[in-house]
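One point on numbering: in our numbering, the residue at position 8 of the sequence shown is 779, and numbering is uninterrupted. For glycine and all other residues, C-beta sits at the position ideal for the given N, C-alpha and C. Worksheet: the structure to be examined is printed underneath.
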Amino acid sequence: MPIREPGICVVDVEKGELRGASNRYTKTMADLAGLYEDEAAYKAALAKLDDKVVYEVTDFKPSADAGDMIIGVTRMIPGKVGNEYFLTRGHIHANANRPEMYYGEAGHGIMLLESPAGEIRTVEIGPRSMCYVPPYWIHRSVNVGTTELVMTFAYPADSGQDYDIIAKAGGMRSRIVDDGKGGWKAVDNAGYRFRSRELVESIMAK
Ligand SMILES: [Fe+2]
């Protein structure tokens, strides 16, 4: 790996972005088809939000080299599709043995994690809390608050993202929904299909 120049980026918590970022990507509700259980509520949300950005990522990616690091900021607006809180698409790292760190800057979020074998964990994230996403865990963030969820993150530059692992299982095993008392709860996803032992072993062998 070559010697690289040090860098500095500023986290703009108000705007929910990284100033000095080299990349930005945005997702609208249209990009999130198939993620929510309530199809009618999804269509209503689609009509209401139109091309409004639901979440965005700004990051500083020096390279994709092993041993290098990507840093960035993610911002998600609050809201629900039916009783299900807004979420990110979610992924496992393509190099599955790579970890990640998320640091809460503003808002109230859940990191929903699922092991390849289908174990579920929920980690609550607020300002100044730091979430460790271990290697091999599928992860997705969910905004369970009433304001924008802003988090800083860092992960190894050669991690990559595999989004298909979630789609192929019919979603993640749990959905994060309104508990009817202003909070959240995790409920079973009726459409979930467990991965075969062979598939789990092949992921864990990475
Ligand atoms: Fe990740």
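By the criterion of a C-beta distance shorter than 8 Å, D809 is surrounded in its chain by V852, G853, N854, E855, once the five residues flanking it on both sides are discounted.
The shortest C-alpha to C-alpha distance from G897 to any of Y873, R860, G942, A818 is the one to Y873. Three or more beta-carbon pairs separated by less than 8 Å link the region 785 to 798 to the region 830 to 838, which places the two stretches in contact. The C-alpha of D929 is placed about 26 Å away from the C-alpha of R968. In terms of Cα proximity to V894, the closest of A888, P887, P906, H879 is H879. Rounded to the nearest whole angstrom, the CA to CA distance from I842 to E871 is 10 Å. Note on T918: under 16 other CB atoms within 10 angstroms of its CB, so exposed under the neighbour-count rule. A distance below 8 Å between beta-carbons, with the five flanking residues on each side excluded, links A961 to the following residues of its chain, in chain order: E808. It is roughly 12 Å from the alpha-carbon of P773 to the alpha-carbon of A837. Closest in C-alpha terms to D933, from the list K956, G916, I974, comes I974.
8 Å or more divides the Cβ of R964 from the Cβ of E885. For G875, the beta-bridge partners assigned by DSSP are M922.
Distances from the CA of V948 to each of M840, I848, M922, L858 were compared; the closest alpha carbon is that of L858.
CA-to-CA, the gap between I881 and K939 works out to about 23 Å.
Counting along the chain, D935 sits inside the alpha helix (DSSP H) bounded by residues 935 to 939. For L806, the secondary structure class from DSSP, reduced to helix, strand or coil, is coil. Spanning the alpha carbons of V958 and R846 requires a straight line of approximately 24 Å. Nearest Cα to V913 within the set P906, M922, Y907, P905: M922.
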